[in-house]
Amino acid sequence: MIKSKENSTVLEKQLLDDYEVGDFFLASPSQTILGKGSFLTVPNDRENRDQMTSLAARVAAALKTAKEQGHPNPMVTGAVPFDYEKDAQLIVPGMIWTSVPLKDLGTSQQVGTSKPDYEIESVPEPSRYMDGVEQGLTHIKSGHLDKIVLSRSLHLTSSEPVNINQLLQNLARHNKNGYTFAVDLPQPETENADPDNLKTLIGASPELLVSRTGLQVVANPLAGSRPRSDDPIEDKRRAEELLSSAKDLHEHAVVVQAVAEALRPFFKKMDVPEKPSVIHTETMLHLSTEVKGELQDPETSSLELAIALHPTPAVCGSPSEWAREAIQEIEPFDRGFFTGMVGWCNAEGDGEWIVTIRCAEVEKQVLRLFAGAGVVAESKPEEELAETSAKFQTMLRAMGIDPKSLN
236 MIKSKENSTV LEKQLLDDYE VGDFFLASPS QTILGKGSFL TVPNDRENRD QMTSLAARVA
296 AALKTAKEQG HPNPMVTGAV PFDYEKDAQL IVPGMIWTSV PLKDLGTSQQ VGTSKPDYEI
356 ESVPEPSRYM DGVEQGLTHI KSGHLDKIVL SRSLHLTSSE PVNINQLLQN LARHNKNGYT
416 FAVDLPQPET ENADPDNLKT LIGASPELLV SRTGLQVVAN PLAGSRPRSD DPIEDKRRAE
476 ELLSSAKDLH EHAVVVQAVA EALRPFFKKM DVPEKPSVIH TETMLHLSTE VKGELQDPET
536 SSLELAIALH PTPAVCGSPS EWAREAIQEI EPFDRGFFTG MVGWCNAEGD GEWIVTIRCA
596 EVEKQVLRLF AGAGVVAESK PEEELAETSA KFQTMLRAMG IDPKSLN
């Protein structure tokens, strides 16, 4: 066990440079966090089919135990999967450092001594993905669903081990206004499991699920997207088109309404803007609404709020239960931690939870990239396929792969 030490404020760039595979790292617009070692692990609840129902209590108990055992300022960090029945990966790090947000990193890519070759497999194949969108549209037309989010994956096998540190640096450089993260993931519990075979969840999400600072709460759902253009005039036109698109405004409204309804019971007052704005990432334009509120009960933690929201229609669909069932029927792979949440919560209940998108799971020489698109009644399969391709660009560019080379 690594001895804990009080949180220190250090240069934020140093935290990025000090990251090692197995650590927890999160760079957000509010701060930068690095966690090393494990003071204790939050136990999972495999006897309960819906592990979410006991998650907040298990985290609160872990924070209390850590404090009783001498941790001066415990914080739970890690990742929660998309599927309620699957195990979360949450720990109290032995050592935690926090600093101001990352800045002034430049935009030049870090490159290794050699550029690895990749074997690339699409799961499902593009044509099968479009078939899945048609299945989703059938569910919508039948009246069972208003929206469903369908995803696909790229499996990349490298000619050499993936340089996760370099990948994290590149993600941070190109996603300054988002949430860059790296989280150690558990290995399968088998007799042949290699304890040195580390698995990492890494990405740069644009979407804040929820944050809590004192009584103040912010959620920032995103839904409705367009790829960026290198031409400033065309880029502006796409943003204006997004703001006037009936299909995208409907898709966005479904998500905002669900977020507001989930949070309203916790708030004594709430602010929900009438119209969305457009946020710009390096690769995408997104409709965005910032939902703000003031908590009624100061004992309500950021994790409790996150659990109330998870999964939002932005990553699942609406109604949620029907959408989850349809996703299991249509998608030919386990999402794992994709479209789950990554973040932290301290003993006071403050915290920040991020929607786990624009990400990959990395293990030795293999990466699994994920991207999804929201399907509503007006959706066209070829357009949803194109949207997933655009969303892969965040990870592909950080890996030094030209997305156009995959077309």
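Heads up, the sequence shown stops at 642 in my numbering, and the numbers go up one at a time, no gaps. Ideal Cβ positions, reconstructed from N, Cα and C, are used throughout, including at glycine.
Assigned exposure category for residue i - 16 Cβ within 10 Å defines buried
i      : result
Glu566 : buried
Gln531 : exposed
Met630 : buried
Glu241 : Interpretation of Glu241 is limited by its pLDDT of 42, a score under 50 that renders its predicted location unreliable; the figure taken from the coordinates is listed afterwards. Glu241 should be labelled exposed.
Thr591 : buried
Ile468 : exposed
Ser377 : exposed
Thr373 : exposed
Gln628 : buried
Asn432 : exposed
Glu354 : exposed
Glu246 : Note that residue 246 is Leu in the sequence shown here, rather than Glu. Exposed, by the Cβ-count rule.
Gln338 : It is worth fixing the name first, because residue 338 is Lys in this sequence and not Gln. Classification for Lys338: exposed.
Pro336 : exposed
Asp352 : exposed
Asp285 : exposed
Glu255 : exposed
Thr348 : Unreliable placement is indicated for Thr348, whose pLDDT of 43 sits below 50; the coordinate value is still reported in the next sentence. It is exposed - the Cβ of Thr348 has fewer than 16 other Cβ atoms within 10 Å.
Thr288 : exposed
Asn581 : buried
Gln563 : exposed
Gly449 : exposed
Pro500 : exposed
Asp637 : exposed
Lys434 : buried
Asn410 : buried
Pro533 : exposed
Ser553 : buried
Asn283 : exposed
Rounded distance between the beta-carbons of residue j and residue i, thought under 8 angstroms
i      : j      : result
Thr547 : Val494 : 6 angstroms
Ser537 : Ser446 : 7 angstroms
Thr415 : Ala262 : 4 angstroms
Gln266 : Thr333 : 6 angstroms
Ala417 : Leu340 : With 8 angstroms as the limit, Ala417 and Leu340 do not qualify as a contact, their Cβ atoms being about 16 angstroms apart.
Leu444 : Trp588 : 5 angstroms
Thr392 : Val601 : 5 angstroms
In DSSP terms, what residue i is bridged to
i      : result
Gly607 : Ser386
Val315 : Met576
Val597 : Thr435, Leu602
Asn581 : Met310
Ala417 : Phe260, Ile437
Arg461 : Leu520
Arg499 : Per DSSP, none; premise fails for Arg499.
Arg447 : Val452, Gly586
Thr591 : Looking at the DSSP assignment, Thr591 forms no beta bridge with any residue, so it has no partner.
Gln324 : Ala314
Met505 : Gly528
Ser393 : Tyr353
Thr276 : Ile326
Residue i beta carbon near the ligand ADP (any heavy atom closer than 7 angstroms)
i      : result
Glu617 : No copy of the ligand ADP appears in this structure; indeed no ligand is present at all.
Residue i, enclosing beta strand (DSSP E) - first and last residue
i      : result
Ile514 : 512 to 515
Phe259 : 259 to 262
Ser614 : Premise fails: Ser614 is in no beta strand (DSSP E) and is neither H nor E.
Glu247 : Run containing Glu247: none in the beta strand (DSSP E); it sits in the alpha helix (DSSP H), 247 to 253.
Arg472 : Premise fails: Arg472 lies in the alpha helix (DSSP H), 467 to 479, not in any beta strand (DSSP E).
Arg408 : No beta strand (DSSP E) contains Arg408, which is instead part of the alpha helix (DSSP H) from 399 to 409.
Ile331 : 330 to 334
Glu354 : 353 to 358
Within-8 angstroms CB hit, residue i to chain B
i      : result
Pro638 : As a matter of chain content, chain B is missing from the structure shown, which is built from one protein chain.
Residue interval of the alpha helix (DSSP H) (run including residue i)
i      : result
Ile562 : 555 to 565
Gln266 : No alpha helix (DSSP H) holds Gln266; DSSP gives it neither H nor E.
Ala549 : Here Ala549 belongs to no alpha helix (DSSP H), and DSSP marks it neither H nor E.
Met287 : 287 to 303
Thr373 : 361 to 376
Lys527 : That residue, Lys527, is in no alpha helix (DSSP H); its beta strand (DSSP E) goes 526 to 530.
The region 525 to 541 / the region 503 to 517 touching (three or more Cβ pairs under 8 angstroms): yes
Contact the region 484 to 498 vs the region 446 to 457: 3+ CB pairs below 8 angstroms: yes
Cβ contact (3+ pairs, closer than 8 angstroms) linking the region 264 to 277 and the region 324 to 340: yes
At least 3 beta-carbon pairs within less than 8 angstroms: the region 607 to 614 vs the region 482 to 492: yes
contact_flag[the region 549 to 563, the region 384 to 394] where n(CB pairs < 8 angstroms) is 3 or more: yes
Inter-stretch contact (C-beta, 8 angstroms, three-pair minimum) for the region 280 to 295 and the region 399 to 417: no
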